[in-house]
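Please read the structure below before turning to the comments.
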Amino acid sequence: MACAPFSYVIFGWLLTIAALDDTIAITSVALGVRVAHLIDVAHLTSDQANQLLALLRQEPTCKHLVILEFKDRYTFLCHRQELKKHVDAMLNAPDQWVYIDIRGKKGPPAQRACPEILLFWIRHRLQPFVAQNTDDVLWHSPVVPSYMVALTGWLLEYPVLYMTHHESDGIDHELDEWESVPNCLGDRRLSLVRVWLLGDSFWQDYMLLSYSYPEMDLPTDPMRDLERKFYTRMQPHQTFLPARVQVTHEYVTLDRVAL
Numbered sequence: 157m158a159c160a161p162f163s164y165v166i167f168g169w170l171l172t173i174a175a176l177d178d179t180i181a182i183t184s185v186a187l188g189v190r191v192a193h194l195i196d197v198a199h200l201t202s203d204q205a206n207q208l209l210a211l212l213r214q215e216p217t218c219k220h221l222v223i224l225e226f227k228d229r230y231t232f233l234c235h236r237q238e239l240k241k242h243v244d245a246m247l248n249a250p251d252q253w254v255y256i257d258i259r260g261k262k263g264p265p266a267q268r269a270c271p272e273i274l275l276f277w278i279r280h281r282l283q284p285f286v287a288q289n290t291d292d293v294l295w296h297s298p299v300v301p302s303y304m305v306a307l308t309g310w311l312l313e314y315p316v317l318y319m320t321h322h323e324s325d326g327i328d329h330e331l332d333e334w335e336s337v338p339n340c341l342g343d344r345r346l347s348l349v350r351v352w353l354l355g356d357s358f359w360q361d362y363m364l365l366s367y368s369y370p371e372m373d374l375p376t377d378p379m380r381d382l383e384r385k386f387y388t389r390m391q392p393h394q395t396f397l398p399a400r401v402q403v404t405h406e407y408v409t410l411d412r413v414a415l
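Numbering (my numbering), first residue to last: 157 to 415.
Laid out in structure tokens, this is it:
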């Protein structure tokens with residue numbers, strides 16, 4: 157399996173397979189099966205992120221890996237070429253995604269147009285970074301923007317993006333992580349979609365992707381072509397990642413939904 161095994165000491169703490177979810181998460185990005193993976197088990201400084209990336213890129217299969225970092229709060233491991241395709245797709249046809257405003261406890265959720273601030277950030281902040289062919293492999297933002305929920309969903313390839321920011325927010329308006337931002341997803345029936353990798357070599361099934369969306373009239377089916385997309389990406393890499401793709405769907409209702 158590509159990019160494995162891992163066991164390195166970085167700034168006094170041990171980086172192991174478990175510290176990055178597991179080997180499959182890294183391998184799926186390294187092979188271009190996924191655009192990005194959110195490292196959500198540790199807060200990394202820029203120095204730590206650079207050292208992590210240098211270690212990973214020693215493996216030939218990991219040579220396309222780059223990191224997007226927002227302060228030390230959000231760190232995304234990305235495949236540069238697949239991220240570039242993702243950027244181009246967004247800028248050329250943003251209506252491929254569904255945007256749902258979920259602000260406020262009462263709701264109801266409302267479909268919106270693609271946020272201009274998200275398009276601006278992708279075009280002016282991210283596109284120049286992914287377009288360059290240099291050794292610059294770490295992009296760092298000194299702020300966590302207020303539209304981080306939508307941006308995270310887009311980077312992780314969710315077909316439905318939740319909006320929790322205000323339309324008047326500026327490009328560098330910072331998310332107040334201590335402020336409780338209510339949303340209207342609680343006590344509503346949600347569709348929960350998961351994309352799984354199933355393989356005999358895994359000790360358990362691996363969840364590649366998981367997202368939700370509320371019951372409402374939508375212009376497109378958020379599950380459309382999902383299995384085919386990941387199956388197509390997986391096929392050239394069966395030697396490294398022998399697995400099949402399965403998409404599951406269920407309905408859930410929760411008292412509160414944290415984002």
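Glycine included, every Cβ here is placed at the ideal spot set by N, Cα and C.
The way I'd put it, the segment 248-265 doesn't touch the segment 196-214; fewer than three beta-carbon pairs between them come closer than 8 Å. Rounded to the nearest whole angstrom, the C-alpha separation of residue 225 and residue 210 is 15 Å. By the criterion of a C-beta distance shorter than 6 Å, residue 311 is surrounded in its chain by 192 and 232, once the five residues flanking it on both sides are discounted. Contact check for residue 365 and residue 350: beta-carbon distance about 7 Å, within the 8 Å limit, so the pair qualifies. Put simply, the segment 373-391 touches the segment 254-261. At least three CB pairs are less than 8 Å apart.
Between the alpha carbons of residue 382 and residue 242 lies a gap of roughly 15 Å.
Residue burial is scored here from C-beta neighbours: residue 181 has at least 16 other C-beta atoms within 10 angstroms and is therefore classed as buried. Beta-bridge analysis with DSSP links residue 324 to no other residue.
Here the alpha carbons of residue 238 and residue 283 stand approximately 12 Å from one another. Bridge partners of residue 356 according to DSSP: none are assigned. Contact between residue 301 and residue 307 holds: CB atoms are separated by about 7 Å, below the 8 Å threshold. In the structure shown, residue 330 adopts extended strand secondary structure according to DSSP, grouped into three states. Every alpha helix (DSSP H) of 4 residues or more that sits fully in the segment 177-242 is shown, in chain order, as 179-186 and 202-212.
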